[in-house]
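A short write-up of the structure that comes next.
Numbering (my numbering), first residue to last: 10 to 189.
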């Protein structure tokens, strides 16, 4: 349905529509669950390869949060009566591969590497922000308000991580990388 002049289009959701939307929702949860599980491993590698202590600490903190996100997703699966199951996320797989390529193509111990790692990490954050925001909205549509609140908690943490990475880049990483 089309929205007209600022008015929200309304449509009665049928059981069939709801079942299709729930299937899409569960598929999205499986996708982001795989993403979180695999991101935890990648963040460990990114932390080990970061130059600045601040960036290492940011990756370690986000790794801890990523484990919380996976646990929160398990809670969500339980609340909607589904088994917590991961489905390979091609997008996250590609983003992790990109981070690995940055590690391989930059010199160890440089701020250029840190700049590249921040770039890779922010791409991951933006993917997660888009995923969690969409899943939260679908949860609301399906009437899963408690699930939507849990997804919002993760969304807020992802936004904070993205902001922290921007602050690190702006504070000194990009500037130091520019003179290496």
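From the three backbone atoms N, C-alpha and C, an ideal C-beta is built for every residue, glycine too.
Quantities reported herein were computed from a predicted structural model and do not represent experimental measurements.
Spatially closest choice to residue i from the options, by CA coordinates
i, options, result
"residue 28", "129, 65, 89 and 81", "89"
"residue 125", "134, 135 and 114", "114"
"residue 172", "153, 133 and 157", "133"
Beta-carbon proximity check, residue i vs residue j, cutoff 9 Å
i, j, result
"residue 104", "residue 129", "yes"
"residue 112", "residue 58", "yes"
"residue 151", "residue 38", "no"
"residue 166", "residue 77", "yes"
"residue 45", "residue 75", "yes"
"residue 186", "residue 123", "yes"
"residue 67", "residue 164", "no"
Three-way DSSP call (helix, strand, coil) for residue i in this model
i, result
"residue 37", "helix"
"residue 11", "Low confidence applies to residue 11: its pLDDT is 45, below 50, so where it sits in the model is not reliable enough to give any reading."
"residue 117", "coil"
"residue 18", "Unreliable positioning characterises residue 18 in this predicted model, as indicated by a pLDDT of 46, which lies under 50. The coordinate reading is nonetheless provided below. The answer is coil: DSSP assigns residue 18 none of H, G, I, E or B."
"residue 124", "helix"
"residue 173", "helix"
"residue 59", "coil"
"residue 82", "helix"
"residue 111", "helix"
"residue 162", "helix"
Nearest-angstrom Cα separation, counted from residue j out to residue i
i, j, result
"residue 184", "residue 117", "18 Å"
"residue 188", "residue 34", "47 Å"
"residue 71", "residue 51", "11 Å"
"residue 86", "residue 146", "16 Å"
"residue 47", "residue 100", "12 Å"
"residue 82", "residue 156", "9 Å"
Beta carbon proximity, residue i to chain C, threshold 9 Å
i, result
"residue 125", "In the structure shown, chain C does not exist; there is a single protein chain."
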